[in-house]
Every structure is written in C-alpha cells, then in structure tokens.
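Numbering (our numbering), first residue to last: 676 to 985. Read through the structure below, which is laid out as structure tokens, and then see the notes.
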C-alpha cells in the first residue's frame with residue numbers, strides 16, 4: 676500500500692494568498708494623511724461649521740504643534756493674516772451681531788476721507804451727557820476734528836463720535852455715508868443706524884466678524900488712523916474754553932502685548948464685549964475680531980497665543 680504524499684506547503688501559501696487578494700477587493704480602502712493634508716503655518720484654520728445665526732458651533736482642529744484650537748467665550752470671532760487676508764481662525768464668523776463701539780472704525784473712515792483734520796467744530800448740545808465713556812466736552816466748546824478723532828478712537832468717547840457725525844450737512848447724510856462706505860468695501864452683512872455703536876431695537880446696527888476684519892484691514896491702511904488707534908494716552912485742549920483732557924486708551928492689550936498696534940474696543944448690554952485687535956511683530960501681522968464676548972481681551976490673547984505657537 677502506497678503512502679500518501681505529504682501536502683505541498685507551496686499550495687497552502689498559494690491558497691492563502693488568493694484569500695488575502697479577495698479581501699483587498701471587498702474591504703474599504705484606508706485613508707492616508709498625506710503632507711498636502713497637513714496644516715501649514717498660514718493654513719491652520721478652523722474647519723467651518725454651518726453658521727445659522729449666533730447659535731452655530733465651531734469645529735475645532737489643531738495647529739502645527741498639534742495644539743487644539745482655544746475655547747473662547749465669544750459668540751463670534753475671526754483671525755486673519757493681515758498681509759494676505761487669509762483666515763487663520765474662525766468661530767461663527769458670519770453670524771450677524773451688534774458691533775458696539777467697533778462701529779466707530781467706519782465713523783472715523785468717513786471723517787478721514789471727507790474732512791480736514793484741522794477744521795474746528797462746535798460741540799453740539801445734543802452730544803453732551805451721552806452714555807459713557809465720554810471725554811466730557813462742554814456744549815458749544817470748539818474742538819479740532821483731529822482731537823475729536825483721538826477722543827473717539829482712543830477713549831471710545833460717545834460725545835466725540837456724536838460731534839463728528841454732526842460735521843456733515845445733516846445727521847442722516849452722515850449715516851448714509853457710513854453705510855455707503857460699508858457697501859463700497861463689500862460688507863454685505865453690515866448696516867449702521869448710528870455713529871456711536873449704540874444697540875438698535877430695529878436690527879439696523881449689525882455686522883459680522885468677517886465684515887469687521889475687512890473693514891479693519893482697510894482702516895489700518897490709513898496712516899493717520901493707524902497712529903491714532905496705536906496711542907496709549909494723549910492730552911487734547913479745546914479751542915474756545917481752553918479745557919485740557921487726558922485721553923487714555925480702552926484697549927488693554929496695547930499696554931500688555933508687545934507688537935500690539937490697535938485698533939478698537941466695544942461693549943454694550945446687547946453686544947457684550949467686542950474687540951478688533953491688530954498685532955505686528957516678528958514678521959507676523961495678525962488681525963483678530965471678537966464679538967459677543969464675556970472676556971474679549973482674554974479671548975483675543977488665547978487666539979493670538981494659539982496662532983503664534985508654531
């Protein structure tokens with residue numbers, strides 16, 4: 676009786692190979708993270724969530740050091756590379772929200788583009804006694820437009836902004852110029868009903884973080900604007916009553932963070948804390964917009980730290 680030949684090991688290997696080949700055709704293909712998928716220095720942008728008003732959420736991601744994007748208190752925020760305009764961080768950037776005193780950025784642009792800084796104007800009685808902050812001007816005192824700009828942009832003074840708006844032939848004409856400027860810049864989600872940034876009950880004082888970032892980049896191209904918003908403290912003297920006022924910045928980060936160059940704070944009951952912030956240091960130019968925040972300066976610092984952590 677013949678003995679059975681032992682099974683050839685090569686036959687087993689061949690069958691097993693066919694089995695593995697079959698699996699490759701039926702199993703789902705794995706996803707590989709190529710170098711093109713990794714975030715570059717100027718591309719570590721938060722993946723956008725669907726924005727549906729101020730309640731939309733943000734999908735976070737990592738920067739190049741694998742550090743999670745910061746959690747902030749603000750309802751809406753955006754950070755952009757001020758050299759290119761490219762977004763670096765986003766949280767509900769297109770949610771329409773009240774801008775508070777960041778409104779005064781466009782108020783200043785209208786003035787700078789249409790009036791002489793040396794022009795002397797009288798303080799209208801209607802501009803005295805407004806909500807704080809104010810410079811404290813007396814009615815009918817005379818002040819240069821330049822001094823009013825410092826009061827409005829450095830101290831965020833309501834009386835200074837109000838006086839500037841009344842330089843125009845009519846108050847309504849000035850507000851129209853503000854809205855025209857917004858339209859010219861392509862700020863499609865922005866509308867103004869007053870020059871100060873007071874809350875509006877009829878929803879006619881709204882903007883978005885993205886629109887404000889565009890507005891701020893335009894404003895910072897103006898040399899005079901840039902000098903004013905970078906001022907920590909200055910004294911102004913009126914022309915008629917010879918009153919001297921010390922004007923101190925409301926932007927705490929001008930004193931805290933080297934490289935801070937401006938630009939504007941804001942705060943109302945409805946808008947909560949708002950901030951447009953500019954940084955230019957070590958070859959990096961960054962613009963941050965914060966809206967609807969419980970800690971506007973803390974939020975801005977957290978975003979800036981995250982961006983610089985490269």
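From the three backbone atoms N, C-alpha and C, an ideal C-beta is built for every residue, glycine too.
### Query
Using the rule of at least 16 other Cβ atoms within 10 Å of the residue's Cβ for burial, across every protein chain shown, is residue 957 buried or exposed?
An exposed status is given to residue 957, since fewer than 16 other beta-carbon atoms sit within 10 Å of its beta-carbon.
### Contact under 7 Å by Cβ, residue 951 with residue 938
Between residue 951 and residue 938, the C-beta spacing is below 7 Å.
#### Entry: With 16 other Cβ atoms within 10 Å as the buried cut-off, status of residue 754
Residue 754 comes out buried.
### Message
So, with DSSP's three-state summary, where would you put residue 894?
### Response
Here residue 894 sits in helix by DSSP.
### Assigned exposure category for residue 971 - 16 Cβ within 10 Å defines buried
The residue is buried, with at least 16 neighbouring Cβ atoms inside 10 Å.
#### Entry: Environment of residue 845 [buried if 16+ CB atoms lie within 10 Å]
When all chains shown are included, residue 845 counts as exposed.
#### Entry: Short Cβ contact (7 Å threshold) for residue 922 with residue 804
Contact: no.
### Message
Please report the straight-line C-alpha distance between residue 793 and residue 819, rounded to a whole angstrom.
### Response
Distance between the alpha carbons of residue 793 and residue 819: 6 Å.
### Query
If residue 810 and residue 832 are in contact, beta carbons under 8 Å, what's the gap, nearest whole angstrom?
With a contact defined as Cβ atoms closer than 8 Å, residue 810 and residue 832 qualify at about 4 Å.
### Task
Would you mind working out which of 892, 867, 798 and 943 sits nearest residue 913, comparing C-alpha positions?
The shortest Cα separation from residue 913 among 892, 867, 798 and 943 belongs to 798.
### Task
Ignoring anything shorter than 3 residues or poking outside the segment 842-890, list the beta strand (DSSP E) runs there in chain order.
Secondary structure in the segment 842-890: no beta strand (DSSP E) run of 3 residues or longer lies completely within the stretch.
### Query
Who are the near neighbours of residue 897 in its chain, counting only those whose CB is closer than 8 Å to its CB and skipping five residues on each side?
Short of 8 Å from the beta carbon of residue 897, and not among the five residues preceding or following it, lie these beta carbons of its own chain, in chain order: 784 and 787.
### Task
Can you check DSSP and say which residues form a bridge with residue 960?
According to DSSP, residue 960 bridges with 955.
### Cα-Cα separation, residue 925 to residue 882
So the two alpha carbons sit approximately 21 Å from each other.
### Task
Classify residue 899 as helix, strand or coil using the three-state DSSP reduction.
Helix.
### Message
Between which two residues does the beta strand (DSSP E) holding residue 764 run?
### Response
Looking at the DSSP string, the run of the beta strand (DSSP E) that includes residue 764 is 762-766.
### Task
Kindly confirm or deny that the segment 958-969 and the segment 903-920 touch, where touching means at least three C-beta pairs closer than 8 Å.
With a cut-off of 8 Å, the segment 903-920 and the segment 958-969 do not count as touching, because too few Cβ pairs lie within range.
### Query
Around the C-beta of residue 930, are 16 or more other C-beta atoms found within 10 angstroms, so that it is buried, or is it exposed?
Residue 930 is exposed by the Cβ-count criterion.
### Task
Have a look at 869, 887 and 936 and flag the residue whose alpha-carbon is nearest the alpha-carbon of residue 903.
Nearest Cα to residue 903 within the set 869, 887 and 936: 936.
### Query
Near residue 874, what residues of its chain come up, given a Cβ to Cβ distance below 6 Å and the 5 sequence neighbours on each side ignored?
Excluding residues within five positions, the ones whose Cβ falls inside 6 Å are 773, 943 and 945.
### Query
Between which two residues does the beta strand (DSSP E) carrying residue 908 extend?
Taken as a continuous stretch (DSSP letters only), the beta strand (DSSP E) holding residue 908 covers 908-912.
### Task
Out of 766, 749, 758 and 849, point me to the one whose CA is closest to residue 870's CA.
The option with the nearest alpha carbon to residue 870 is 849.
### Query
Cβ atoms of residue 771 and residue 864: under 7 Å apart, would you say?
Yes, these two residues count as a Cβ contact at 7 Å.
### Query
Ordered along the chain, which non-local residues of its own chain (more than five positions away) have a Cβ less than 6 Å from that of residue 812?
The residues are 798 and 834.
### Message
Taking the alpha-carbon of residue 856 as reference, which of 876, 887 and 801 has the nearest alpha-carbon?
### Response
Ranking the options by Cα distance to residue 856, first place goes to 887.
### Query
Which word fits residue 895, buried or exposed, when buried means at least 16 other C-beta atoms lie within 10 angstroms of its C-beta?
With 16 or more other Cβ atoms within 10 Å, it is buried.
### For residue 804, the three-state DSSP class (helix, strand or coil)
Residue 804: coil per DSSP, three-state reduction.
### Task
Compute the distance between the beta-carbons of residue 777 and residue 829, then report whether it is under 7 Å.
Result no, Cβ atoms of residue 777 and residue 829 do not sit closer than 7 Å.
### Query
Can you name the residues that DSSP bridges to residue 947?
Its beta-bridge partners are 943.
### Task
Give every residue of the same chain whose Cβ lies closer than 6 Å to the Cβ of residue 960, excluding the five residues on either side of it in the sequence, and list them in chain order.
Only residues of its own chain outside the window of five on either side were considered, and among them 757 and 758 have a CB closer than 6 Å to the CB of residue 960, listed in chain order.
### Query
Does DSSP put residue 924 in a helix, a strand or coil?
Coil at residue 924, not helix or strand.
### Query
Where residue 761 and residue 941 are concerned, what is the direct C-alpha to C-alpha distance, given to the nearest angstrom?
Cα to Cα, the separation comes out at about 24 Å.
### Task
Look at the Cβ atom of residue 843, then the Cβ atom of residue 802, and state whether they are nearer than 7 Å.
Taking 7 Å as the cut-off, the beta carbon of residue 843 is found no closer than this to the beta carbon of residue 802.
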